[in-house]
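Working notes for the structure below.
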Amino acid sequence: MLDPVSWITENGQIVREYTKEIDTCQGKLRLIDQTLLPEKLVYVELDETEAIFDAIKRLVVRGAPAIGCAAAVGVAAVVRKSASQDAAVLRQLAITTADRLAESRPTAVNLFWALKKIKDAVSGIDNAAELRSTLLQTALNILDEDIAMCRAIGSFGAELLKDDMTVLTHCNAGALATGDYGTALSPVYVASENGMNIKVYSDETRPLLQGSRLTAWELNEAGVDVTTICDNMTAQVMKEGKVDMVIVGADRIAANGDAANKIGTYGVAILAEYHNIPFYVAAPYSTFDLSLESGDEIPIEQRDGDEVRKGCGKLTAPEEVNVYNPAFDVTPNELIAGIITEKGIIRAPFEENIKKILG
Ligand code: MRU
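Printed below as a string of structure tokens:
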């Protein structure tokens, strides 16, 4: 599987799980630069707050769980780099770094979930070496836990699939968006491993093309049969009877099951409803925000209009034209057949069942 987020030691060892041995040397956050895919597979190594902030903001690393993992490992890297032997100074550095990274993107709740874990972990530690170790251990545990959650989501989701089925997905909620295996794509990977022939339609996902650049790339690399379509082709493909099920990821799910995901997901859900195709959301518990009653309260990231005006670096609209560029939308729970989590598939009534399963 891919390793979009990992820890690289000063000796070049790539690590996704904490051990005492790696604790004895320096290290950095290592990311696949997803802005360069599918053209080039390039890794970047980071240990400075602003560089990590920029990587999250520019979508070098993206996808809700991967953002959370990267931010946690990033804080560990920044603190490791500091020469200070004063635990209070290092604790403060961890907190200011976490606060800065929390400003990078507002919608994916996994970011805030992971940073809270990091901040909680350093509170009350008065020894510099212990503080550094605890940070690295906490960060790598978040990554490790995410990997386990992805696999569990895959096992539950695969039970919905049958041989020769076709799944449509939007954006990228695959290995690149998580520790590994992904959320929405995990059932596809697990079913394929179990010998099923599963085909995927991957919506291109304007404006940043995560569906064609990333989902199509990673499924292709994994040997899964994938077909990319432009976003405005989804209705036609559904009408032609080519889609058996939709599975998408999520950036934040409210207590009533309303789910925010990449812009365009809501439209896909409406199309699925019209064509009688079950629409599933796949997400771990770190994507749920039970403090929000409904999706209306989920903050939606607004991004630079140039992402629309200059698609792939080319002028695709007049330079001076107004652009509205929300990065996410919210699918209301009544359009969702089920939410595939690492603890099982949650179905309506969502509010009650989310509390029961994740409460
Ligand atoms: O803007 P992005 O690329 O970070 O948006 C990603 C998505 O919308 C994903 O579907 C979501 O984060 C789930 S990833 C498992």
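Going left to right, the sequence shown walks through residues 14 to 372 as the working numbering numbers them.
Using N, Cα and C, we set each Cβ at its ideal position, and we do this for glycine too.
The structure presented is a predicted model; accordingly, all values stated were derived computationally and were not measured.
- Separation of the CB atoms of A79 and P17 is rounded to 5 Å, and the pair is thereby assigned contact status at 8 Å.
- Inclusion of A121 in the 7 Å shell around the ligand MRU follows from its C-beta lying nearer than that to a non-hydrogen atom of the ligand.
- In the three-state scheme derived from DSSP, where H, G and I count as helix and E and B as strand, I138 is classed as coil.
- The segment 295–364 is shown to contain whole alpha helix (DSSP H) runs of 4 or more residues at 319–322, in chain order.
- Using a cutoff of 7 Å, the CB of A127 does not count as near the ligand MRU, since none of the ligand's heavy atoms is closer than that.
- Shown here, D257 sits in coil according to DSSP, grouped into three states, outside any helix or strand.
- At least one heavy atom of the ligand MRU falls within 7 Å of the beta-carbon of Q223.
- Per DSSP, the continuous alpha helix (DSSP H) segment holding D112 begins and ends at A100 to L114.
- A295 is positioned such that its CB atom lies closer than 8 Å to that of A186.
- Excluding sequence positions up to five before and after Y31, its CB lies within less than 7 Å of the CB of L149, Q150, L153 and N154, all in the same chain and listed in chain order.
- Annotation for R164 indicates a beta carbon at 7 Å or more from all heavy atoms of the ligand MRU.
- Remark: C-beta atoms of P51 and P312 do not approach each other more closely than 8 Å.
- DSSP places Y279 outside any beta strand (DSSP E); the residue lies instead in the alpha helix (DSSP H), whose first and last residues are T278 to Y287.
- Judged by DSSP secondary structure, D67 falls within the alpha helix (DSSP H) whose first and last residues are T62 to K70.
- Within 10 angstroms of the beta-carbon of V55 lie fewer than 16 other beta-carbons, which makes it exposed.
- DSSP, read as helix, strand or coil, puts T32 in coil.
- Closer than 7 Å to some heavy atom of the ligand MRU: that describes the Cβ of C184.
- In the pairwise beta carbon analysis, the segment 201–221 is classified as not touching the segment 36–45: fewer than three pairs are separated by under 8 Å.
- For L44, the enclosing beta strand (DSSP E) covers residues G40 to I45.
- Nearest Cα to F363 within the set I266, S199 and V28: I266.
- Classified as exposed, E306 has fewer than 16 neighbouring CB atoms from the shown chains inside 10 Å of its CB.
- Distance from the CA of T278 to the CA of C82, rounded to the nearest whole angstrom, comes to 24 Å.
- With a cutoff of 8 Å on beta-carbon distance, V73 and D46 are scored as near each other.
- Per DSSP, Y202 is one residue of the alpha helix (DSSP H) stretching across S199 to E206.
- Per DSSP, the unbroken alpha helix (DSSP H) holding A84 starts and ends at A77 to K94.
- With 16 or more other Cβ atoms from the protein chains shown falling within 10 Å of its own Cβ, Y293 counts as buried.
- For the ligand MRU, no non-hydrogen atom lies closer than 7 Å to the CB of P51.
- Under the criterion of beta carbons closer than 8 Å, V259 and V281 qualify as touching, at roughly 6 Å.
- The continuous beta strand (DSSP E) containing K212 extends over residues K212 to D216.
- When DSSP states are grouped into helix, strand and coil, A267 belongs to the strand group.
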